[in-house]
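What follows is a single structure, written as structure tokens, with notes after it.
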């Protein structure tokens, strides 16, 4: 009831070579047609579920899967006699309580896949795998999308074995990791939309968690966000893809920093790789913000400004070049190696150095307290801080916000909600300050020595200088309100309660 697999894409000859390199077992070639069903209102898909029917051994296999965007996902299959998509035929354990009663006549074909599959079962090290090389297409109505991918599915052995095998291929051949399922690609094809982007889901930590189990849960949540935005980032048609990918990478770095006192040397390499990827993706994100958020209000205020039009044209050309770099980065060996290291970190033992079984709540309270005190110290005398130091305040606030998102659920109540609300207001103001600073610098950079564009850059910089001056009192008020907000975490068990000191 749990499928663990990874997909690799690349040039045809490279995939053929990789397939041959994985064991000497005899490969069997078959044609596989899979039909995906859902209700008219797409009830299953909105719940993150898919329902598939395909022929198998003179019968029919009905399969429901849970879409997770990572290596592991739930899977429930049953062999049936007639090609009828009846959810009632699924085995025990299928998430019936989530989708309720769905009759076969309520379901209709949404999309299908038609592939020629080469398949073999091999043993590598301490694990057994089903290796499949699929070539064909996804079809929905009169639309189609080519498919060519190598699938490595774990049949038995350690859960991180799939990532280890895929990593060895990535280090030897020019292939890329993809976690987007055929079902997800079929949904986008049927809807005529670009690949979906994924927001972060706060991990559900429990007071019974240890440092090790909490770290593993947090790492898994960041992996979901990073992997879940690969397809949208590679596509590039929706700026949310690269944005959410970068947020996922920042959350990963924040988690590794948060637990650094408990981590070994291997964690530092993962943190450095994430930083390298962030730097490579940064120009595309900055240009997305410039073109979709910062420049439009200025152009609406000056609708006939040729200098602004010239600056916009230069920015659009720069963004196209930046997305070429995004795709190069996401296809490159360093990024795919890092991604597999992240996806394969099912057991945090390889990253954790000590304190693995320490109870989580006291550690969480200490880490939150440490982050809060650093933020208050960094923002001391906020009203008189120069821009550079306010930038440091923004970074400290962001790191604390990630820590709160990771572990705040351990401390429920109104105090936590009030704290989050104050922090959100402060972050919004600091974010606008940073966006304005980046926009001003980027406008000058884009204009270069183009005389007309330089005039456009001056208009942009003047616009945001005026707006920042107007919102300065609001930002100072947000800081003051947050700095006076009571903290919500309980003191370490066994110690007398102490009021958090303000600095």
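Numbering (the working numbering), first residue to last: 13 to 515.
Note that the Cβ used here is the ideal one computed from N, Cα and C, for glycine as well.
Computed from a prediction, not measured in an experiment: that's the story for all the values here.
With respect to the alpha helix (DSSP H) encompassing residue i, which residues constitute its N-terminal and C-terminal limits?
i, result
"residue 410", "399-419"
"residue 497", "Neither: residue 497 is in no alpha helix (DSSP H) and is coded neither H nor E."
"residue 110", "108-111"
"residue 179", "173-184"
"residue 247", "242-247"
"residue 443", "426-459"
"residue 373", "372-390"
"residue 83", "Note, residue 83: premise wrong, no alpha helix (DSSP H); not H, not E."
"residue 56", "55-58"
For the beta strand (DSSP E) that contains residue i, what are its first and last residues?
i, result
"residue 163", "155-168"
"residue 122", "120-136"
"residue 147", "139-152"
"residue 20", "14-22"
Compute the beta-carbon to beta-carbon distance between residue i and residue j, rounded to the nearest angstrom, for a pair I have assumed lies under 8 Å.
i, j, result
"residue 276", "residue 365", "4 Å"
"residue 144", "residue 129", "5 Å"
"residue 194", "residue 159", "7 Å"
"residue 173", "residue 137", "7 Å"
"residue 296", "residue 327", "The Cβ separation is near 12 Å, so there is no contact."
"residue 405", "residue 442", "6 Å"
"residue 298", "residue 454", "6 Å"
"residue 290", "residue 258", "6 Å"
"residue 122", "residue 50", "5 Å"
"residue 191", "residue 239", "5 Å"
"residue 14", "residue 87", "6 Å"
So, with DSSP's three-state summary, where would you put residue i?
i, result
"residue 275", "strand"
"residue 92", "strand"
"residue 252", "helix"
"residue 211", "coil"
"residue 72", "strand"
"residue 191", "coil"
"residue 50", "strand"
"residue 217", "coil"
"residue 104", "coil"
"residue 35", "coil"
"residue 25", "helix"
"residue 257", "helix"
"residue 505", "Note that residue 505 scores 36 on pLDDT, short of 50, meaning its location in the model is unreliable; the coordinates nonetheless yield the value given after this. Residue 505 falls in the coil class under three-state DSSP."
"residue 483", "helix"
"residue 41", "strand"
"residue 61", "strand"
"residue 205", "coil"
"residue 117", "helix"
"residue 235", "helix"
"residue 515", "With a pLDDT of 36 at residue 515, under the threshold of 50, the predicted position of this residue should be treated as unreliable, though the coordinate-derived value follows. The answer is coil: DSSP assigns residue 515 none of H, G, I, E or B."
"residue 229", "helix"
Ordered list of alpha helix (DSSP H) runs contained in the segment 313-366, each at least 4 residues: Uninterrupted alpha helix (DSSP H) stretches at least 4 residues long and entirely within the segment 313-366 occur at 318-343, 345-355, given in chain order.
- prompt: Are three or more beta carbon pairs between the segment 471-482 and the segment 306-320 nearer than 8 Å?
  reply: Yes: at least three Cβ pairs fall under 8 Å.
message: With a threshold of 8 Å, are at least 3 pairs of Cβ atoms found where one atom belongs to the segment 218-234 and the other to the segment 370-385?
response: The count of Cβ pairs closer than 8 Å, one atom from the segment 218-234 and one from the segment 370-385, reaches three, so the stretches are in contact.
message: For the segment 168-181 against the segment 13-20, do three or more pairs of beta-carbon atoms, one drawn from each stretch, fall closer than 8 Å, so that the two count as touching?
response: Counting Cβ pairs under 8 Å, three or more are found: they touch.
task: Examine the Cβ distances between the segment 318-329 and the segment 252-269 and report whether three or more of them are shorter than 8 Å.
output: No, they do not touch.
query: Between the segment 37-53 and the segment 203-220, are three or more C-beta pairs nearer than 8 Å?
result: Contact annotation: the segment 37-53 does not touch the segment 203-220, with fewer than three C-beta pairs closer than 8 Å.
field: Ordered list of alpha helix (DSSP H) runs contained in the segment 263-310, each at least 4 residues
entry: Taking only runs of at least 4 residues, the alpha helix (DSSP H) segments lying wholly in the segment 263-310 are 277-301.
Given 8 Å, three or more beta-carbon pairs between the segment 113-133 and the segment 85-103: A contact exists between the segment 113-133 and the segment 85-103.
- request: Count the CB pairs spanning the segment 405-421 and the segment 451-466 that are closer than 8 Å, and state whether there are at least three.
  value: No, because fewer than three Cβ pairs between the segment 405-421 and the segment 451-466 fall closer than 8 Å, the two stretches do not touch.
- request: For the segment 477-492 and the segment 422-429, state whether three or more C-beta atom pairs, one from each stretch, are separated by less than 8 Å.
  value: The count of Cβ pairs closer than 8 Å, one atom from the segment 477-492 and one from the segment 422-429, stays below three, leaving the stretches out of contact.
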